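Chains as they are written, first to last, in our numbering: chain Z, 245 to 1237; chain L, 57 to 471.
Think of the CB as a built atom: it goes at the ideal place given N, C-alpha and C, for glycine as much as any other residue.
Fair warning: this is a prediction, and the values are worked out from it, not measured in the lab.
Below is one structure; the comments refer to it alone.
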């Protein structure tokens, strides 16, 4: 590869020529200056070749100088900081950066996969839909090959060491784009006192106007645009109500003017103790889109060769970074703007061997200015071929109105600057429903001001100004952005002549060499093929050819593609329409989207007041909802099964204690609270006496059991509802849903006080003795009977004591303010020493309740089970006119006696039946599936009974006591006998003592 | 229909591919058809295809208000699986999955069915039990799934973090013949197959009214004129309630947007499809190299097909937690599709209160994987006027009878 140093001797408004930095590209050291992008520095070091295309692996250089770049993608950084698919044109060069080319093997210069390019005649759009269908050849052979060769950059393999931050902002006006239009709009709204944010995606203010003025000498209020921008920034910086941000990309506009923006904080200082990026969720009164416009390439043979660039990009590289893609640049254009590129190139001492203007008689002031400098201007001429493969070596000249087969001349050159006109950057406008209108004169889609995206008030939430509104000329641009627009001097321009294919009569051979989507290798011929085959909707053509589906999302290709589709279908461009603009404008990192919520704080870990003590005891944890709860407390080298057995027996034989703080606790209060609870619960709660507790069931509207728990009436108008640990938030929301949407006029208030109380269950025959040792409250059978509660200074604590049991033993649950939880726990441990009190975990809790035949929400229920299935008919009030689920229970299938119902199950040999086992029934159903007749819902080893016990739902189970049925699990069969689900103390003698 | 093959490509390569014929024509509507299918998405086209193929009914029009395959068929995350818990669900999804196995050859259109394995991660004890139950159920249903431990999960997905500080991976439900297919190709392949049988696919043809006489459907009014029919099949997913209203009945369906997104393409990173329901996100990698990511539904009823923000954050967090190396990849594109959710999150394939109008809807967040089975069962329903065994349990009457088919039981969410 020829390496020519093309950094110009002077100029470069964005680089600090006094300072040198170095980065690596494919192992080579590349000199650069602060302010360079990777692309500008690589060009400056003579590296035009910067990437390979996706499908045919064609050699590619940058075609653009900004966010629209499809070709020049690299992988930055190594190991854990490796980031693939970065555009060199928007990646800031920094000292020590390591960049590697991608999608090539073995190297960028020699890429063996470029064989695909040779085979491209056999690989047109959609070829893969038409072959690879024999046998399993797709999954076994062809797909693996395609998968390996597809993709662009390498896949990261390590966790990201960097941190990310998220922030919120609210503003009256958010202005997207820091060019002259955006700054003018900022002045307009800032001076009026509005809270204004201005977001600029690059590190620099000023946009196109400052570059273009280098060519055409335009002035704003008599100042060069650069000076005007400086003055505007000075004024804006002095306004306290205006916030200016560079390196901040407005990525997406969502409903109600919710703008997502990504700020680069420390991308160029890896390892710095800063968040790498900051994701902003911004809410605006109005979003002003001043995002400028994107230049369109022209479709001519060989337009993808490294060195063929947008005319504006060539201009940018010369003016901003003092680099040039070549020393001799041929310009191909259909408009006057490209002549600005000629002017800055000439000023920089670069030769312009010819300007090929697709128009017949270009004669505007800019054209004249170039002509005056002796440049050869060839109206009506075009390019028949670009010579050279990894670098432009010249072009073959032809007439635009021709088949492109007659070469008039070879013009040696090392770069081609092309301009097919401009398209307003309407992405944000369109993200949330703003509509576009085709401007025939200017040949672009511009925002239709009559069909803006609407905010919550039904009014426009976005507005486009400047080039983004289609006001390409500097005077119109500023006039659109501010009411008292400054005086602008800028040369007149002649109209563009829309040209979508050149040479105009090119045959299929040449159309197959005209690239539309550079990255995805979609050519003019592919779009025409799609049209021919009936993929005529713009979305079909896109999806069939992959046009616009590359990482630039069609910024360069979409308008050209749909114009060619329109031509192929012989319909006007507006009839074809555009594909949908989707967020984000350019890709944004997953790390920033996730923000701080990673690792330990991915989701909040809820800990009880006694959490540290459990940890010290070596508890094995189990996540339950967002809480963690001790599953069991194994001793050193003790298996979990042994620990669970020990904990169960402690409760059965003496006393155990459980941290029950995670149980949901919802206060329901108000004059209508009783009436409300009567609707929420299947039981009657309004008649519960103050001081009493009742076990309650909640059903969904469809009648399915959704939660259970003990309800205590605290006072005349206050109830405390216990829920399951995992259900607390959902049940609270469920209550509020009904209160706010259906019974909004009922006087009821709810509060989720789960975290306000620590709660300890003390269970076992010696439970009362432990409480009595603490003293202060009479907890005798008479004073505190089963299913009642009392409050008092138990052991000096501010305690509420519930006499309830989920184990079948004598049980109390003691609630104290969370701040006293650990102290209470310690006192109970101390007081229980005499009775060898043991903490027990969730698994012992499960075993205890299963021995007793109590159901567990989530085990015996799964959203398809109704209380009747579980033998809980007693909890369904018959006195109430209505409750949630009552009507559903009358549906025929619900009321049918012919359902799967709860039973106990025990294996014949005493072993534990595998949980989740299913019992087949004879025969098959109409779909050839085995019939079934039941399933295991819970299965444990019972330390108390010294054998396996299980609960399950069995077809007509309660009527089949003693019957033996076979269960299948993991391919094995187990015979089980149907028994009562209450394995322990069926008469309840242990409970009420 | 001229057949596609490697030879056809070679032949066309010699003449710059100028000789390919249309995949489906653009006919003028006839005044009357035996059957009109409203909705040229995957389900509608498959319904028409199997009406022709299985029942010889070819005087059929599939009418579409936009472009065919433009609804959820072109917006989903392309996952195919049949590891459902309830018998009726697993029957129809397995029918679909098994048809996908041979679909490319059947249609002579490569839909790129790629059974590269599908995992549903269990990250709580509750999920472990749910998936073990599913494995046992699948065994009796004749569906090959199995429970695998954490190490086997790691072998299949080397980048997974088994020991997430919040939700460790305890194992997974694996369906080895689950995977993905190319979603657009499914619609295009069926459309081409329908056209080859002489059926009419009428795009840009919106139904504005449905008329009936004596309780029997008679004709539809469309933006391309009035078209008569003997039978009408409504297969329009997100807009089912809208279409039902035109026919004069109501549906127990709510429509909302389901969110999805893709990353930029990268070299192979994950070979299988992984669904993580506790943290709520699912992930696969397309043949093009993009990570295809699905999230949740917006929590409000609407018809906007836009990408919203809140779920993107939740989903990406969940996936970075599970697959830490994806943190430095970037979101390329996000979008939404309107899913039609029933009360039990299972579909409706049913007769309706209007004679000879049949409805197929309610696939919610899981429709793509069902397309062939859904079309097969719907064709049977339309042709015979009564559901066959695959559709029998999915009738509208189940909501009245309380005979729900609830899949959220095992999966936590239904996808």
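Identify, in the order they occur along the chain, each residue of the same chain with its Cβ nearer than 7 angstroms to the Cβ of residue i, setting aside the five sequence neighbours on each side.
i, result
"residue 216 of chain L", "209, 210, 225, 378, 379"
"residue 1175 of chain Z", "1164, 1165, 1166, 1167, 1168, 1169"
"residue 245 of chain Z", "In this prediction, residue 245 of chain Z has a pLDDT of 40, which is less than 50 and means its spatial position is unreliable; nothing more can be read from the coordinates."
"residue 929 of chain Z", "918, 921, 922, 938, 940, 955, 963"
"residue 140 of chain L", "146, 149, 463"
Looking at residue j and residue i, is the spacing between their C-beta atoms short of 8 angstroms?
i, j, result
"residue 315 of chain L", "residue 263 of chain L", "no"
"residue 907 of chain Z", "residue 966 of chain Z", "yes"
"residue 410 of chain L", "residue 305 of chain L", "yes"
"residue 180 of chain L", "residue 190 of chain L", "no"
"residue 916 of chain Z", "residue 990 of chain Z", "yes"
"residue 1185 of chain Z", "residue 1147 of chain Z", "no"
"residue 182 of chain L", "residue 431 of chain L", "no"
"residue 660 of chain Z", "residue 576 of chain Z", "yes"
"residue 725 of chain Z", "residue 714 of chain Z", "no"
"residue 1108 of chain Z", "residue 1211 of chain Z", "no"
"residue 440 of chain Z", "residue 428 of chain Z", "no"
"residue 766 of chain Z", "residue 542 of chain Z", "no"
If residue i sits next to residue j, beta carbons under 8 angstroms apart, how far is it from one beta carbon to the other, in whole angstroms?
i, j, result
"residue 173 of chain L", "residue 335 of chain L", "Actually they do not touch by this definition, with Cβ atoms about 20 angstroms apart."
"residue 852 of chain Z", "residue 1002 of chain Z", "6 angstroms"
"residue 501 of chain Z", "residue 420 of chain Z", "That pair is no contact at about 12 angstroms."
"residue 910 of chain Z", "residue 975 of chain Z", "7 angstroms"
"residue 578 of chain Z", "residue 740 of chain Z", "6 angstroms"
"residue 451 of chain Z", "residue 423 of chain Z", "2 angstroms"
"residue 489 of chain Z", "residue 458 of chain Z", "With 8 angstroms as the limit, residue 489 of chain Z and residue 458 of chain Z do not qualify as a contact, their Cβ atoms being about 26 angstroms apart."
So, helix, strand or coil for residue i, using DSSP?
i, result
"residue 259 of chain Z", "coil"
"residue 397 of chain Z", "strand"
"residue 765 of chain Z", "coil"
"residue 418 of chain Z", "strand"
"residue 895 of chain Z", "helix"
"residue 467 of chain L", "Annotation note: pLDDT 43 at residue 467 of chain L (below 50); position unreliable, coordinate value reported separately. It is helical."
"residue 277 of chain Z", "coil"
"residue 246 of chain Z", "The predicted model places residue 246 of chain Z with a pLDDT of 46, which falls under 50 and marks its position as unreliable; any figure quoted below should be read in that light. Looking at residue 246 of chain Z - three-state DSSP - the assignment turns out to be coil, as it is neither helix nor strand."
"residue 1138 of chain Z", "helix"
"residue 668 of chain Z", "strand"
Could you check where the alpha helix (DSSP H) with residue i kicks off and where it finishes?
i, result
"residue 674 of chain Z", "671-675"
"residue 820 of chain Z", "817-820"
"residue 924 of chain Z", "917-924"
"residue 427 of chain Z", "424-435"
"residue 347 of chain Z", "Here residue 347 of chain Z belongs to no alpha helix (DSSP H), and DSSP marks it neither H nor E."
"residue 207 of chain L", "206-212"
Spatial neighbours of residue i within its chain, please: C-beta separation below 8 angstroms, excluding the five flanking residues on both sides.
i, result
"residue 250 of chain L", "80, 101, 104, 105, 108, 116, 118, 257"
"residue 469 of chain L", "Annotation note: pLDDT 35 at residue 469 of chain L (below 50); position unreliable, no value reported."
Taking the beta strand (DSSP E) that residue i belongs to, which residues open and close that run?
i, result
"residue 553 of chain Z", "552-554"
"residue 454 of chain L", "Where residue 454 of chain L is concerned, there is no enclosing beta strand (DSSP E), although the alpha helix (DSSP H) it sits in stretches over 453-457."
"residue 834 of chain Z", "No beta strand (DSSP E) holds residue 834 of chain Z; the alpha helix (DSSP H) holding it covers 834-838."
"residue 1264 of chain Z", "In the structure displayed, chain Z extends from 245 to 1237; residue 1264 of chain Z sits before or after that span and is not available."
"residue 469 of chain Z", "Residue 469 of chain Z -> not in any beta strand (DSSP E); alpha helix (DSSP H) instead, spanning 469-482."
Please go through the same chain and pick out, in chain order, the residues whose beta-carbon is closer than 6 angstroms to the beta-carbon of residue i, but skip the five residues on each side of it.
i, result
"residue 731 of chain Z", "465"
"residue 946 of chain Z", "1132"
"residue 1152 of chain Z", "1219"
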